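Below is one structure, written out as structure tokens, with a few remarks after it.
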Amino acid sequence: MKTLDERMMALALTQARKGWGRTSPNPMVGAVVAKGETVIATGFHARAGGPHAEVVALERAGAEARGAALYVTLEPCHHHGRTPPCTQAILDAGIERVVIGERDPNPHVPGKGAEYLAARGLEVYLGVLEARCSALNEFFRKHITTGRPFVLLKSAAGLDGKIAAASGHSRWVTGEKTRAYVHRLRNGVDAILVGRGTAAADDPSLNTRLPGRRRGRDPIRILVDTRLNTPLSARIFDRNFGGPTIVGCGPSPNEVKVQALRGLGVEVWPLPLCQGRVSLAALTERLGQKGLTSLLIEGGSEVNAAALLIEKIVDKIIFCYAPKIIGGRTAPTLVGGPGTATVDESLRVDIVKIRRLGLDFIVEAVPRY
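Just so you know, we're using this note's numbering here: the sequence shown kicks off at 944 and counts up by one.
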């Protein structure tokens, strides 16, 4: 049975998730003000630059916050950023007890909020539902500690691992519920990437379409095209179909093609090569410098091979399997490329979750490089 602290922290986590896709480059944070079993107020961080979760909850609680407990998924900040430190707001509100899910992983922040509050007589407890609080902000943690975005690789296939028929036809491998899930993923990431092959075969929009014909938050669209051979008429370049577009190309691109793309409002990034293709590691490094905390790769088998087996930039794999056998000697598989020389050299993964979505099932795994 969950303790009172765990139940309140679970409520704070529910609040935090309301900020999905809207707080980058900040973390998602939720807060609850309570006296015993009675919830007085809740709050969450809604957008970067906006008030923090603790401040929202305390303002809603008003005078009722005095003598209460504050539950917060992430350690309260004790520094001036875009907003004043939350530790001072907690003291001013008269909170007596603070329960924290996880410590702030930001190595650039001077001082620790938990110690500051404890030194001023508040009861402070750390680590309640810590694993869940930590998992909530995997994008933020990767970016703040390495400067690079968290990379998700998503691909869909039949049970035989084929992502398309030998003809190249791939719509639709998975069912409607899985496709809706993918759009919810897009709604929460900063950028989405495909290679030239996918752009040519599918002419994707790479926008976000939520249930009920609602338009979600469109991520920045990234196209990897070493020689800039994608036609200018492709939907990935058209702002009417989705977010802004960045093209990663080779180090000495054709200047006429570059200017044509820039005329459409597309950013062109000449980048170093890795085994004859645009280096995905160099691309993610630059995305991180741009302040992007997450990248969703939705490429084909060759991009998947480069990301997973060659450059090893993927943090989490999401493979969506449909109850279909596609077959075909030349049909593309989930991961192409030259592959490993022996089975012993295979990339090992830790499977962290398997779940059903309609008739499909989703496998989430973490690579062990």
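Using N, Cα and C, we set each Cβ at its ideal position, and we do this for glycine too. Note that the structure is a prediction, hence the values are computed from the model and not measured.
Along the length of the region 960-1027, whole beta strand (DSSP E) runs at least 3 residues long occupy 973-978, 981-987 and 1012-1017, reported in chain order. Boundaries of the beta strand (DSSP E) around Gly1101: Phe1093 to Gly1101. Take the alpha-carbon of Leu1017 and the one of Asp1161: they are about 27 Å apart. In the DSSP assignment, Asp1133 is bridged to no other residue. Shortest Cα-Cα distance from Thr981 to any of Leu1001, Ala1011, Ala1006 and Pro1194 involves Ala1011. Rounded to whole angstroms, the separation of the alpha carbons of Thr1276 and Gly1104 is 5 Å. If one requires a minimum length of 4 residues, the alpha helix (DSSP H) runs lying completely within the region 1222-1246 are 1223-1232, in chain order.
Cβ neighbours of Val1221 within its own chain (closer than 7 Å, five residues either side excluded): Val1167, Thr1169, Gly1191, Cys1192, Gly1193 and Leu1214. Going by beta carbons, Ala977 and Val1015 fall outside the 8 Å limit.
At a Cβ-Cβ threshold of 8 Å, Leu1238 and Leu1128 do not count as neighbours.
The beta-bridge partner set that DSSP reports for Leu1300 consists of Asp1303. Rounded to the nearest whole angstrom, the C-alpha separation of His995 and Arg1298 is 33 Å. For Phe1082, the enclosing alpha helix (DSSP H) stretches over residues Glu1081 to Thr1089. Rounded to the nearest angstrom, the gap between the Cα atoms of Gln1218 and Ala1308 is 26 Å.
For Trp1212, the beta-bridge partners assigned by DSSP are Gly1191. Rounded to the nearest whole angstrom, the C-alpha separation of Leu1001 and Ala1078 is 25 Å. Distance check between Glu1066 and each of Ala1057, Lys945, Leu1072 and His1022 places Ala1057 closest, using alpha-carbon atoms only.
Relative to the Cα of Lys1255, the nearest Cα in the group Ala1061, Leu1223, Gly1090 and Ser967 belongs to Leu1223. Sixteen is the threshold: when 16 or more other Cβ atoms of the shown chains lie within 10 Å of the Cβ of Gln958, as they do, the residue is buried. Setting aside the 5 residues that flank it on each side, Ala1108 is surrounded in the same chain by Ile1269, Gly1271 and Ala1274, each with a C-beta closer than 8 Å to its C-beta; the list follows chain order.
In this structure, Ile1165 keeps its C-beta atom at 8 Å or more from the C-beta atom of Gly1186.
Listed as beta-bridge partners of Pro1281 by DSSP are no residues whatsoever.
The alpha-carbon separation between Glu1081 and Val1042 amounts to approximately 21 Å. Using a Cβ-Cβ distance cut-off of 8 Å, the region 1140-1149 and the region 1169-1183 are in contact, since at least three pairs of beta carbons, one from each stretch, lie closer than that value. Per DSSP, Val1199 lies in no beta strand (DSSP E) segment; the continuous alpha helix (DSSP H) that holds it begins and ends at Glu1198 to Gly1206. Counting only the Cα atoms, Ala1134 lies some 13 Å from Glu1228. In the structure shown, Val1116 adopts coil according to DSSP, grouped into three states. By the Cβ-count criterion, Met944 is exposed, with fewer than 16 other Cβ atoms from all chains shown falling within 10 Å of its own Cβ.
Under the three-state reduction of DSSP output, Gly1138 falls in the strand class.
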